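Student:
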């Protein structure tokens, strides 16, 4: 601050000197201007006197001319006197002429001098006025600068004074904080001593337990340590699943854009330079359009592969490159799409060359086609790079020696650079194709179909460029997360040995999760041991359990419902037979009475059917649904019997009796089969229960066997956690000491600045 103030004062002095010099120069120039004004006034006075003298001479010349004219008139009158005086007049005339010539020359010289003096005066006056204006503007500017600097210096001085006061207050607060920090450090040191003593005692106890109880330490070997389940990082898994969801959305946009691009390119090949609707296109373009028509079978699997990869990343799994098995499928789909691009690339290049050779192609359009020719080659090369790096990332899940962990960071950075290169290539393609579309639009043979197709291709390229730009920025922004989170693995180890060990670790993790869930379950109400044994013997010896009896009750209820349906059926049959008998009796009567009685009988039948319907509505809704079909059937049969002849009726009776006998036989067989199936089902359930009890006892024994190994691993983990706690406490103390030293240094610097 002192140095800045000193510099400002020096600059102020220099500016003051400059202002004084400029003021002196302006004063001298003002004096010179006054002198010039005086000389100008003198010259004006001389000029005025000369003009007056010139006027006098001009008047005298006029008088002389008048006298000469009078003398000539007098000479005509008196020639004699003229002759005598001619000599005298000629002498006088010569004298006057000489005198007049001298005066004219002197007047001309004076006019020249006056004009030169006037011009010089005007020039000097203009120069002095311009110089005076410049000096006045410079003086005003210098004065404004001086005023601004003075204001600035006053503001800086006030600001520095305020800063000084604030720094003094801050130094006082920092001193108080330093005192508080000293007290806290003393307390922390005391706590550290107590913790070290407590942890030391606990460490000795744990070491004694480990030496006595742990016969084998699997963390010393990487092969065995890779089978240990790492600590579950739920935040990391959720973050990775969120990133996978974002990548899936971007890949879906990319797939949609690629599908649109290939589809609209196929349409463009069909209509330009030759429209397939009016003329046949070349065999090359036919083959090219045929290949482009197959783009969906190569592009859609990319979305499916990314979807499977997203579904494989869940909250409960451990997601690293060794466990990301679905990444290999995505790499294979990308390889198939790359093969598709390599297959269509020669046809696409030849199609552009063929378009350049057509008569409709101008020089500018040919240049744009050659630019697209180069861009398509670059596009395929970029996809080859991406496939190479993605296949490298898929290697750890299949071949552990294919890619070292030290090269993961390099592979991810290369993928990011390749994605940015992909984005640049697509921007070039978009620019060149937009130029090509404008040139084709200006062509006289351009159709509306061609213009629409070009707009669709441009929109698809823009969508593809935006999607790739999003993917590139997304990958670059999360590159640090991808590279740092791959060190996730078993505690004490650096990596998974192989995909097989990673798969075994995931299985152990699932078992551990199941065990933890079983621990969280509430314990059921206990039964006395003797009663439980008795119940078990009863359960194993009986062939019918409670569920079997309930099922038998359900089956019996269903049989009762069927019997009720059959009862209703036979009641309807009896009514039909009664109606038939009445009909036969009435046939003997005359036709008129027969017609009347038939109408009465029909009404009675309808009333009977209505009563029957009322009885059936009182049953359960399930029986109503089943009986509606039977009612419709027998109503139709009743109308049919009223309209048929007696020969048909006898035939129907025979068919009816045959089917009734057949139904009775089938129902008896069905009842026998139902009883046997219920018996066999009860026996099977009893056997299944015995088998499940045996399996449960087996699982209990295996779990008891695992408990010992889990206790051993738990003790090892506790030992490592104690060591980690000690190291964390020491690191915390070191960081506190560093902060104290930094605060002391800040206080010292503030004191120095305040001084």
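In UniProt numbering, the protein residues as written are 1 to 755. The beta carbon of each residue, even a glycine, is placed where N, CA and C say it ideally should be. In this text, all values refer to a predicted model and were calculated from it rather than measured experimentally.
Where residue 119 and residue 146 are concerned, what is the direct C-alpha to C-alpha distance, given to the nearest angstrom?
Tutor: One C-alpha to the other measures close to 40 Å.
Student: At a cut of 8 Å, does the region 58–71 reach the region 13–22 through at least three beta carbon pairs?
Tutor: The region 58–71, when compared against the region 13–22, does not touch it at the 8 Å Cβ threshold.
Student: Can you tell which of 334, 514 and 343 has its C-alpha closest to the C-alpha of residue 389?
Tutor: It is 334 whose Cα lies nearest to the Cα of residue 389.
Student: If you compare alpha carbons, which of 514, 675 and 472 is closest to residue 250?
Tutor: Among 514, 675 and 472, the Cα nearest to that of residue 250 belongs to 472.
Student: Taking only the alpha-carbon atoms, compute the straight-line gap between residue 614 and residue 658 and give it to the nearest angstrom.
Tutor: Only weak support exists for where residue 614 lies, its pLDDT of 42 falling under 50; the coordinates are left without a value.
Student: Using 8 Å as the cut-off, can you tell me whether the region 299–315 makes contact with the region 252–266, which would need three or more C-beta pairs spanning the two stretches below that distance?
Tutor: Yes, the region 299–315 touches the region 252–266.
Student: Who are the near neighbours of residue 587 in its chain, counting only those whose CB is closer than 6 Å to its CB and skipping five residues on each side?
Tutor: Taken in chain order, the list of residues that qualify is empty.
Student: Threshold first: 4 residues or longer. Then list the alpha helix (DSSP H) segments lying entirely within the region 121–191, N to C.
Tutor: Taking only runs of at least 4 residues, no alpha helix (DSSP H) segment lies wholly in the region 121–191.
Student: Do residue 382 and residue 425 have their C-beta atoms within less than 8 Å of each other?
Tutor: Yes.
Student: Any contact between the region 344–353 and the region 277–292? By contact I mean 3 or more CB pairs, one from each, below 8 Å.
Tutor: They touch, by the three-pair rule.
Student: Looking at residue 103: is its Cβ nearer than 8 Å to the Cβ of residue 57?
Tutor: Going by C-beta atoms, residue 103 is nearer than 8 Å to residue 57.
Student: Nearest-angstrom Cα distance between residue 446 and residue 440?
Tutor: Cα-Cα distance, rounded: 6 Å.
Student: How is the alpha helix (DSSP H) around residue 775 delimited, first residue to last?
Tutor: Any question about residue 775 goes unanswered here, given that the chain covers just 1 to 755.
Student: So what's residue 677 in DSSP terms, helix, strand or just coil?
Tutor: Residue state, collapsed to three classes: helix.
Student: Give the straight-line distance between the Cα atoms of residue 571 and residue 562, rounded to the nearest whole angstrom.
Tutor: The straight-line gap from Cα to Cα measures roughly 14 Å.
Student: Report, in whole angstroms, the separation of the C-beta atoms of residue 450 and residue 272, which I expect to be a contact under 8 Å.
Tutor: About 6 Å; that satisfies the 8 Å criterion.
Student: Could you check where the alpha helix (DSSP H) with residue 587 kicks off and where it finishes?
Tutor: It is not in any alpha helix (DSSP H) - residue 587 carries neither H nor E in the DSSP assignment.
Student: Per DSSP, what kind of secondary structure is residue 316 in: helix, strand or coil?
Tutor: Coil, per DSSP.
Student: What residues in its chain sit with their C-beta under 7 Å from that of residue 306, if we drop five residues either side in the sequence?
Tutor: Closer than 7 Å at Cβ, skipping near neighbours: 247, 248, 251 and 330.
Student: Using a beta-carbon distance below 8 Å, is residue 17 in contact with chain C?
Tutor: Absent here is chain C; the protein component of the structure consists of one chain.
Student: State buried or exposed for residue 344, treating a residue as buried only when at least 16 other CB atoms are found within 10 Å of its CB.
Tutor: Counting Cβ neighbours within 10 Å, residue 344 comes out buried, since at least 16 surround it.
Student: Note down the Cα distance separating residue 175 from residue 213, rounded to an integer number of angstroms.
Tutor: Answer to the nearest angstrom: the Cα atoms are 54 Å apart.
Student: Is the region 462–469 in contact with the region 232–245, if contact means three or more CB pairs nearer than 8 Å?
Tutor: Verdict: no, contact absent.
Student: Return helix, strand or coil for residue 476, following the three-state DSSP convention.
Tutor: Residue 476: helix per DSSP, three-state reduction.
Student: Relative to the C-alpha of residue 711, which candidate in 210, 136, 11 and 156 has its C-alpha closest?
Tutor: Minimum Cα distance to residue 711 is reached at 210.
Student: Let me confirm a value: residue 387 is counted as buried when at least 16 other C-beta atoms fall within 10 Å, else exposed. Which label applies?
Tutor: Buried, by the Cβ-count rule.
Student: Count the other CB atoms within 10 Å of the CB of residue 265; is the residue buried (16 or more) or exposed (fewer)?
Tutor: Classification of residue 265: buried, given that the 10 Å Cβ count is 16 or more.
Student: When the Cα of residue 761 is compared with those of 395, 339, 253 and 254, which residue comes out closest?
Tutor: Residue 761 lies beyond the stretch modelled for the chain, which goes from 1 to 755, so this question has no answer here.
Student: Residue range of the alpha helix (DSSP H) that residue 250 falls in?
Tutor: Counting along the chain, the alpha helix (DSSP H) containing residue 250 begins and ends at 234–271.
Student: So, under 8 Å CB-CB, residue 457 and residue 268 are touching, yes? Tell me the CB distance rounded to an integer number of Å.
Tutor: That belief holds up - the Cβ atoms of residue 457 and residue 268 are roughly 6 Å apart, short of 8 Å.
Student: Would you kindly work out how many angstroms separate the C-alpha atoms of residue 336 and residue 506, rounded to a whole number?
Tutor: Going from the Cα of residue 336 to the Cα of residue 506 covers about 31 Å.
Student: Are there 16 or more other CB atoms within 10 angstroms of the CB of residue 682, so buried, or fewer, so exposed?
Tutor: Under this definition residue 682 is a buried residue.
Student: Measure the C-alpha to C-alpha separation of residue 431 and residue 463 and round it to an integer number of angstroms.
Tutor: Computed Cα separation, rounded: 13 Å.
Student: How many angstroms separate the CA atom of residue 364 from the CA atom of residue 283?
Tutor: One C-alpha to the other measures close to 26 Å.
Student: Please give me, in chain order, every unbroken run of the alpha helix (DSSP H) with length at least 4 that falls completely inside the region 273–302.
Tutor: With a minimum length of 4 residues, the continuous alpha helix (DSSP H) runs that stay inside the region 273–302 are 283–292.
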